[in-house]
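>
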Amino acid sequence: MVRARAIVSGVVQGVGFRFFASRLAQRYGITGFAKNLPSGDVEIEAEGDKSAVSGFLEEISIGPRYAHVTDVNIEWLEPKNYKVFSTY
Numbered sequence: 275m276v277r278a279r280a281i282v283s284g285v286v287q288g289v290g291f292r293f294f295a296s297r298l299a300q301r302y303g304i305t306g307f308a309k310n311l312p313s314g315d316v317e318i319e320a321e322g323d324k325s326a327v328s329g330f331l332e333e334i335s336i337g338p339r340y341a342h343v344t345d346v347n348i349e350w351l352e353p354k355n356y357k358v359f360s361t362y
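If you're matching positions, the sequence shown starts at 275 in my numbering and goes up one per residue.
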């Protein structure tokens with residue numbers, strides 16, 4: 275079990291990015307959250323099996339159709355035992 279915090283930059287707000295992350299999380303069995311930041315970035319915390327979190331982050335780096343991801347800064351952390359994947 276691992277947890278990653280990712281700050282996703284680019285055109286990632288107003289394009290369904292958090293909904294995209296939530297759907298991906300369900301598909302990968304990931305818990306955590308996605309939230310918009312005042313900077314225009316999206317913060318994501320993803321927790322689960324290392325291979326699932328890695329696959330999730332690969333797809334996050336592409337984003338949904340109307341997004342344009344320019345950077346994903348990932349920090350690996352100790353798990354927090356999230357129960358669900360939430361969007362804020």
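Each residue gets a CB set at the ideal place from its N, CA and C atoms; glycine is no exception. Just so we're clear, the structure is a prediction, and the values are computed from it rather than from any experiment.
1. Alpha carbons only, please: which of Leu331, Asn355 and Phe359 is nearest the one belonging to Asn347?
2. With distances taken from CA atoms, which of Asp323, Glu321 and Asn310 is nearest Ser283?
3. Let me know if Phe293 comes out buried or exposed under the rule of 16 or more other beta-carbons within 10 Å of its beta-carbon.
4. Does the distance from the C-beta atom of Gly329 to that of Tyr302 stay below 7 Å?
5. Exposed or buried, Glu321, counting other C-beta atoms within 10 Å across all chains shown (16 or more means buried)?
Taking the geometry as given:
1. In the sequence shown, residue 347 corresponds to position 73, counting from 1. Ranking the options by Cα distance to Asn347, first place goes to Leu331.
2. On the sequence shown, position 9 is the one that residue 283 refers to. Ranking the options by Cα distance to Ser283, first place goes to Asn310.
3. Stepping through the sequence shown from its first residue, residue 293 is reached at position 19. Exposed, by the Cβ-count rule.
4. By one-based count along the sequence shown, residue 329 stands at place 55. By one-based count along the sequence shown, residue 302 stands at place 28. A contact, by the Cβ cut-off of 7 Å.
5. One-based indexing of the sequence shown puts residue 321 at position 47. Buried, since its Cβ has 16 or more Cβ neighbours within 10 Å.
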